[in-house]
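Read top to bottom, the protein sequences are chains A and B. Each number in the working numbering corresponds to the 1-based position in the first sequence with 268 added. Each number in the working numbering corresponds to the 1-based position in the second sequence with 268 added. Note that CB positions come from ideal geometry on N, CA and C, so glycine has one too. Scroll down for the structure; my scribbles are underneath it.
There are 2 protein chains.
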Amino acid sequence: MESINQSHPYVPRDLNLPDFTPGVLSQSTIVGVYGSCSLLVVSLIWIISGRFPKTSKIDRLLMCWWAFTGLTHIILEGYFAFSPQFYTEKTACYLAEVWKEYSKGDSRYAGRDAGVVTVEGITAVLEGPASLFTVYAIANKTSYRYILQIAISLGQLYGTAVYFITSYLEGDNFAASTYYYYLYYVFANSFWVWIPTLIVIRSWKKICAAFETEFKDEKTKTC
Amino acid sequence: MESINQSHPYVPRDLNLPDFTPGVLSQSTIVGVYGSCSLLVVSLIWIISGRFPKTSKIDRLLMCWWAFTGLTHIILEGYFAFSPQFYTEKTACYLAEVWKEYSKGDSRYAGRDAGVVTVEGITAVLEGPASLFTVYAIANKTSYRYILQIAISLGQLYGTAVYFITSYLEGDNFAASTYYYYLYYVFANSFWVWIPTLIVIRSWKKICAAFETEFKDEKTKTC
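Structure below.
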């Protein structure tokens, strides 16, 4: 039993992961591929959105974010949610390597914690496709573009809240080292805290402004 | 150890609850008090809201819902979130009795499951006060009344999703009997699924309508 437990690099050390197979790709390769693909997606959306008439730079930036976060949700988190045995993967499958590496910052991923799987499942299945749809909603200036952005951003914020609070309640001892704790668990996740927060604030103001316009209209008509 | 485990009525039977003290109030008393207090709150809000000018019956009903759900979140769920030892309570404290009884439908409450505590904590601390604030927002026809209702309702839906999915992933075996499973776990929680869903649909439509009005205005101004 002891030999099984020591065959993985995760904390807590007594986490039982039968048939664990160590990752083969380096951290720089994993992060490099993710960074390059993301940069490619963001660049493409930035260029394409520039051809849309009357689309502000903020809306173009938001379209880049929604494409990036949507693909991350669907591909990366979708793979995790539906691959309970990723840590036994013997080939250098990139998606399995991502989660073998990320589990150094939060072993609840390898350990299949119900809270983490639930949040990732909701994120992948609902928020991922909705995020991609938001790119279309912004590009076409639909009447629901702001409320859609608020709905998804609040979902992301609720998800990260559940993610951090359950870890705290369970002892906050799932990182292999302080380095992985701050780089993966804190830093990487922080983007899904401050960006959704800014989007909620902006969209909230836009919606209030629309109602104030409508209210003025009603007053003009009825007075 | 066996004697400790058998001293509580919850499933799974091996759930360890040291110093568990059985509830003293009957099911009908517990449900009766909750029902009567809720009816009182709803009646008061219905009567008071009737004095507000130009407030539709739907808005008055919504004010009743937000007052009821807000107080439920703050008082009942707030007590649970911050009372890890409620099952040891020796006096007939009503709030402890509620959770001793409800745990028959879902023993994760007595067992202090991290996912359940997290969802209840977020609900009590954020959604509870926000729900009460919504009564004011509707009464005063503020420009943010619909977006506020969507934000809280989506939070409630996300919370119930996490609640049901984590249970499913952990084996869905936390009810003392089929009766408690369907009455407490399914039926009681269902109100926080279908009511928030209806509110999200209605508020979403109202927000889209406001943007369509604004869009027409812009066209009138610019054309």
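{"Asked": "CB of A:Tyr-448 within 8 Å of CB of A:Gly-379, strictly", "Found": "no"}
{"Asked": "Three-way DSSP call (helix, strand, coil) for B:Cys-332 in this model", "Found": "helix"}
{"Asked": "7 Å Cβ shell around B:Ala-500 - same chain, five flanking residues per side excluded", "Found": "Not covered by the structure: residue 500 of chain B. The range shown for chain B is 269 to 491."}
{"Asked": "Range covered by the alpha helix (DSSP H) that runs through A:Tyr-404", "Found": "396-407"}
{"Asked": "B:Cys-476 and A:Tyr-412 closer than 8 Å at C-beta", "Found": "yes"}
{"Asked": "Assumed close pair A:Ser-399, A:His-341 - CB separation to whole angstroms, cut-off 8 Å", "Found": "6 Å"}
{"Asked": "Cβ neighbours of B:Met-331 in the same chain (closer than 7 Å, five flanking residues each side left out)", "Found": "Ile-313, Ser-317, Val-403, Ile-406, Ala-407"}
{"Asked": "Simplified DSSP state of A:Ala-392, which is helix, strand or coil", "Found": "helix"}
{"Asked": "Cβ contact (3+ pairs, closer than 8 Å) linking the region 319-326 of chain A and the region 358-365 of chain A", "Found": "no"}
{"Asked": "Residues near B:Val-393 by beta carbon distance below 8 Å, same chain, minus five either side", "Found": "Gly-346, Ala-349"}
{"Asked": "Inter-residue spacing [alpha-carbon to alpha-carbon] between A:Leu-437 and A:Glu-480", "Found": "43 Å"}
{"Asked": "Reference A:Asp-287; option with closest CA among A:Lys-358, A:Ser-304, A:Arg-470", "Found": "A:Lys-358"}
{"Asked": "Cβ shell of B:Leu-425 (< 6 Å), same chain only, five flanking positions each side left out", "Found": "Pro-464"}
{"Asked": "Counted within 10 angstroms of its Cβ, other Cβ atoms place B:Ser-458 as buried (16 or more) or exposed", "Found": "exposed"}
{"Asked": "Chain-ordered chain B contacts of A:Glu-395 [CB-CB under 8 Å]", "Found": "Here the premise fails: no neighbours, minimum Cβ distance about 10 Å."}
{"Asked": "B:Ser-296, enclosing alpha helix (DSSP H) - first and last residue", "Found": "295-317"}
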